[in-house]
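In the numbering used here, the protein residues as written are 292 to 1027.
Structure record follows, encoded as structure tokens.
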């Protein structure tokens, strides 16, 4: 018997079912719905902008992300704990690189990416690990904008939260460090710092039940621990939170809740930190962390003084505390247990110290920030930053106090180093949002008022009318539009750039592709990865990860002597260079097999400066600044002023279109780098034309120890050329 659906689906049953379903709906106010819609829109705007580089191809960008990918790949292939004993023999040949204790071994980002990738793989999502790591930064950059909303919402309400998220979504510094391909610590670091601040401040709310405060303190500790496991800049949020709590004590805002929350948060956070192999137990006795312990002791003292009624015992407690504190510091220093702050952090605190390291100042992102760049990043928003500080100071709540400390310290450090403008990005946007929201609040209130009808001769006086309020709001909107829409905003310029390797590390908006071609050739020519390639340290990660070959140095820059030796190889004559290669780099697989250089120049032979022809100066300075190489091979490089040094002098072309270039002297023309430059310029380009037509006599002579060059070249426009040149190293002539 076939059942007729009409027998069990009746009109009454259908109506009853729909009524029951309607009872399950979640009541959502119009305001909440609009807020959710706005946050969702901001998230997708942030994500979309950060995906712009993918139109050039799915590649990792810059240099450090290649190490992070290699670390992640090792975890995916070998498990979550094997990396603690990982000794990477393809880096820093011949000594190798101990990832467990290395300079770049924060596991937070690789572990996060590996975990998410494993989950996606288990769900059957068809994506390679490499492509996943390319997209990963854009996702977490957009998530950081969500955290900016929640943090800003707690500080000043929904308006501040939405504006904070919007400004971070369109901030060029944040976009640069979270765009697709930039798979580095900042990707997760900024969002985690905001999460820590959000949870820690909630833990201090006196309006919340103690149970909730404990939960927030524990989760804040987990967030802080994650930051310490992911980013060396974790010292910054630790310092800000410590200074904030110290300020609360000075302002007589101590409470038992503050002691409990601080203890739980920093206790758990530092417990996680000392279990990070790179940090270890000694992390607790570094000069950067000791203030955390000192403030904890101060909070304990406040609690003791609070419960003691006797003034005498209060005084004794204070004296004992400071006595123990001073004695402890002296003992730690005398016994050698007090660890110094790392040099890179000292150079941020005191910019004058950066001149002590040639490698440090040779990196572009370590330069002092030009104040004008802050305006380029935020436009007219800088006008509201000071206004935001004013409103925060006027209403000095705990959250506003934290915001002030965060904002002023981040501004100082961002001015000290270009790279740290990303630390300023979230809090700068929050303070701008506070300024705008508080400035507009009275005008919004006026706009919401209903018009009152005058009764008799009485009229309600109002300072300004709705028309004026609307004008002010439109004016501010137009000012913001001038920054984020017209003309082409800087954020789009930063986002709409190809990955570094695609553009051949040149500031060009085009697919150059010569580096990728070179690495594909390496994989075919040396499928077992048995080539050992000498290059300047900038290209080390690329050679190891993208080319699957062994490199002598990379961006970890932990062995400055080895980098100095590489600088000497390029800036010495052939005989000296081949001897350094044989004496200093002869390892278990023999000495290096190839030497690589990257060059850019005009058709007339004048150097452009994008490649090693623009880096030789740092090769020479770093080589001459290392005491070990000087003691072994003698003094190397000197500067005489006016652009004159050991290898030549600065000059300019005599054309109408004046261009600066370096005029090499006889000693300069004997260097390995110069001879490689001439050998590269002398070959035929892709168009079949000789690049320079006016080589000096003798410049084209064949290199003795560096043979069989392989060129990967491209003509850019009608006059600019870029070449990756790889030479074989011939030791057979050595000693002949």
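Even glycine gets a Cβ: it sits at the ideal position worked out from N, Cα and C.
Residue i burial status per 10 Å Cβ neighbour count (16 or more: buried)
{"i": "residue 521", "result": "buried"}
{"i": "residue 691", "result": "buried"}
{"i": "residue 703", "result": "exposed"}
{"i": "residue 602", "result": "exposed"}
{"i": "residue 789", "result": "buried"}
{"i": "residue 968", "result": "buried"}
{"i": "residue 516", "result": "buried"}
{"i": "residue 425", "result": "buried"}
{"i": "residue 1024", "result": "exposed"}
{"i": "residue 308", "result": "exposed"}
{"i": "residue 386", "result": "exposed"}
{"i": "residue 837", "result": "buried"}
{"i": "residue 845", "result": "buried"}
{"i": "residue 813", "result": "buried"}
{"i": "residue 638", "result": "buried"}
{"i": "residue 988", "result": "Note that residue 988 has pLDDT 33, beneath the 50 cutoff, so the model's placement of it is unreliable and the number below is only indicative. So residue 988 counts as exposed."}
{"i": "residue 835", "result": "buried"}
{"i": "residue 541", "result": "exposed"}
As assigned by DSSP and simplified to three states, the class of residue i
{"i": "residue 379", "result": "strand"}
{"i": "residue 555", "result": "helix"}
{"i": "residue 397", "result": "coil"}
{"i": "residue 1020", "result": "strand"}
{"i": "residue 921", "result": "helix"}
{"i": "residue 1000", "result": "strand"}
{"i": "residue 324", "result": "helix"}
{"i": "residue 819", "result": "coil"}
{"i": "residue 888", "result": "strand"}
{"i": "residue 589", "result": "helix"}
{"i": "residue 881", "result": "strand"}
{"i": "residue 838", "result": "coil"}
{"i": "residue 418", "result": "coil"}
{"i": "residue 348", "result": "coil"}
{"i": "residue 545", "result": "coil"}
{"i": "residue 550", "result": "helix"}
{"i": "residue 263", "result": "Residue 263 is absent from the model: the chain starts at 292 and stops at 1027."}
Nearest candidate by alpha-carbon position, reference residue i, set the options
{"i": "residue 356", "options": "404, 331, 733", "result": "404"}
{"i": "residue 485", "options": "345, 443, 843, 927", "result": "443"}
{"i": "residue 959", "options": "974, 935, 971", "result": "935"}
{"i": "residue 553", "options": "722, 599, 517, 505", "result": "505"}
{"i": "residue 761", "options": "787, 731, 782", "result": "731"}
{"i": "residue 966", "options": "861, 875, 769, 771", "result": "861"}
{"i": "residue 661", "options": "710, 685, 329", "result": "710"}
{"i": "residue 924", "options": "887, 382, 866", "result": "866"}
{"i": "residue 480", "options": "586, 490, 468", "result": "468"}
{"i": "residue 891", "options": "535, 798, 409", "result": "798"}
{"i": "residue 448", "options": "322, 796, 910", "result": "322"}
{"i": "residue 888", "options": "920, 938, 963", "result": "963"}
{"i": "residue 897", "options": "342, 872, 942, 875", "result": "942"}
{"i": "residue 696", "options": "869, 807, 907, 534", "result": "534"}
{"i": "residue 868", "options": "920, 674, 525", "result": "920"}
{"i": "residue 466", "options": "352, 361, 446, 398", "result": "352"}
One or two residues paired with residue i in a DSSP bridge
{"i": "residue 954", "result": "940"}
{"i": "residue 388", "result": "379"}
{"i": "residue 898", "result": "892"}
{"i": "residue 1015", "result": "889, 1003"}
{"i": "residue 825", "result": "886"}
Under 9 Å between C-beta atoms of residue i and residue j
{"i": "residue 288", "j": "residue 905", "result": "Nothing about residue 288 can be read from this structure; the chain reaches only from 292 to 1027."}
{"i": "residue 508", "j": "residue 551", "result": "yes"}
{"i": "residue 810", "j": "residue 828", "result": "no"}
{"i": "residue 893", "j": "residue 1010", "result": "yes"}
{"i": "residue 998", "j": "residue 1016", "result": "no"}
{"i": "residue 613", "j": "residue 582", "result": "no"}
{"i": "residue 483", "j": "residue 433", "result": "no"}
{"i": "residue 428", "j": "residue 478", "result": "yes"}
{"i": "residue 563", "j": "residue 512", "result": "yes"}
{"i": "residue 714", "j": "residue 701", "result": "yes"}
{"i": "residue 1030", "j": "residue 388", "result": "One cannot answer for residue 1030 here, as it falls past the ends of the chain, which runs 292 to 1027."}
{"i": "residue 1007", "j": "residue 801", "result": "yes"}
{"i": "residue 956", "j": "residue 928", "result": "no"}
{"i": "residue 383", "j": "residue 693", "result": "no"}
{"i": "residue 437", "j": "residue 334", "result": "yes"}
{"i": "residue 1093", "j": "residue 858", "result": "Summary: the structure shown does not reach residue 1093, with the chain confined to residues 292 through 1027, and so no result is reported for it."}
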